[in-house]
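In the UniProt record's numbering, the protein residues as written are 1 to 211.
Report on one structure; see the data block that follows.
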């Protein structure tokens, strides 16, 4: 359990580093606030709130990956595997409600008529999760994407990163993966991924493979 918890914290921080690569967005970390009668309940927002000029993106990070049941297409057994994704969707929807209602804890983030989308980031892809009604019906549109897709999204150079997300939402024909909206766009190398890659000896073509 401690490993899973530590992994979750590290993955959340890593996704935050990726989001901060966005040159045209403001990234807000998790917000803790009181709720309920007399403020007796303490709630946490999503892990990251990304403010674009034309979009509010609510990002919840889940260090999870498809189980064997999911990979084999056993939908009955797979339901428990994406329970975390269901919870994340509901959490995103709740935070979007606070933003729309002008909750004081979110006063520094003003929706101002911008659309709000939710993005659940996982360690590995959950294939077809966006194509069918696996996620609960929410007021706020929520999509699941892998860390690899986010690593690509934040380095788009032909447009702002908000546009592929809005395109993904508007074009129902590409509801399979967020990366389907990357077609036609240009990207630069991801500096965080490249830095990690160059830590390995095999990244240097002149390195001795025996070392």
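A virtual CB, placed ideally from N, CA and C, is assigned to each residue, including glycine.
Nearest neighbour of residue 142 by Cα position, chosen from 33, 119, 164, turns out to be 119. Put simply, the backbone Cα of residue 188 is about 35 Å away from that of residue 97.
If the five residues before and after residue 160 are omitted, its C-beta is found closer than 7 Å to the C-beta atoms of 24, 52, all from its own chain and listed in chain order.
Nearest neighbour of residue 21 by Cα position, chosen from 153, 11, 93, 109, turns out to be 153.
Beta bridge pairing from DSSP links residue 32 with 44. Going by beta carbons, residue 104 and residue 66 fall outside the 8 Å limit.
The beta-carbon distance between residue 147 and residue 116, rounded to whole angstroms, is 22 Å. This is too long to meet the 8 Å contact definition. Annotated three-state conformation of residue 154 is coil, per DSSP. Distance from the Cα of residue 55 is smallest, within the candidate group 164, 47, 127, for 164. Classified as exposed, residue 10 has fewer than 16 neighbouring CB atoms from the shown chains inside 10 Å of its CB. By alpha-carbon distance to residue 32, the top candidate from 86, 95, 128 is 95. Annotation for residue 97: the continuous alpha helix (DSSP H) segment containing it runs 83 to 101.
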